[in-house]
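In the UniProt record's numbering, the protein residues as written are 1 to 147.
What follows is the structure, encoded as structure tokens:
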């Protein structure tokens, strides 16, 4: 089951955080079709947010076809997203890189900025190609190397 963590200082609406975290759990294989999402009451007990906020997030997920509400039973996953299992070698490599980044003194915002820059470069357009001179992060994450 997914456990929601709400960052009240992120500037992102609470219901959007729930939607994003649910989608992340679907992409990572932590939630699978047929799994029940926590009830609004369960989420409220853990996060101290308004139950209507949880319901708004669940309605958005339902609108996107990711979950379905079953009257009297709860909200259940209809379909998953992506193919990045939580135990994949890429995740292991990313975990290692993040640990090195933290050990190098980077804070969460620094790491997020680096990672976002790399994602933007590699996923800006499916028809764009990465060329020589692009930044490649390997080894010490605080010192990107050029290739």
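The beta-carbon is built from N, C-alpha and C at its ideal position, and this holds for glycine as well. Remember, it's a predicted structure, so these values are computed and weren't measured experimentally.
Inter-segment contact for the segment 13-22 and the segment 53-70 is present: three or more beta-carbon pairs are separated by less than 8 Å. In the displayed model, residue 42 falls within a helix according to three-state DSSP. By the neighbour-count criterion, in which a residue is buried when 16 or more other Cβ atoms sit within 10 angstroms of its Cβ, residue 116 is exposed. In the displayed model, residue 108 falls within a helix according to three-state DSSP. The way I'd put it, the segment 66-75 does touch the segment 26-39; three or more beta-carbon pairs between them come closer than 8 Å. Looking only at 112, 105, 120 and 3, the smallest Cα-Cα distance to residue 10 is reached by 112.
Checking the DSSP bridge columns, you'll see residue 70 partnered with 74. According to the DSSP assignment, residue 52 belongs to the alpha helix (DSSP H) that extends over 51-63.
Under DSSP, the beta-bridge partners assigned to residue 36 are 76. In summary, residue 1 is exposed, with fewer than 16 beta-carbon neighbours lying within 10 Å of its beta-carbon over all protein chains present. In the displayed model, residue 15 falls within a helix according to three-state DSSP. Here residue 31 is buried: its Cβ has 16 or more other Cβ atoms, across all protein chains shown, within 10 Å. The three-state reading of DSSP puts residue 95 in helix, counting H, G and I together.
The Cβ-Cβ distance between residue 8 and residue 14 falls below 9 Å. Collapsing the DSSP output to three states places residue 124 in coil.
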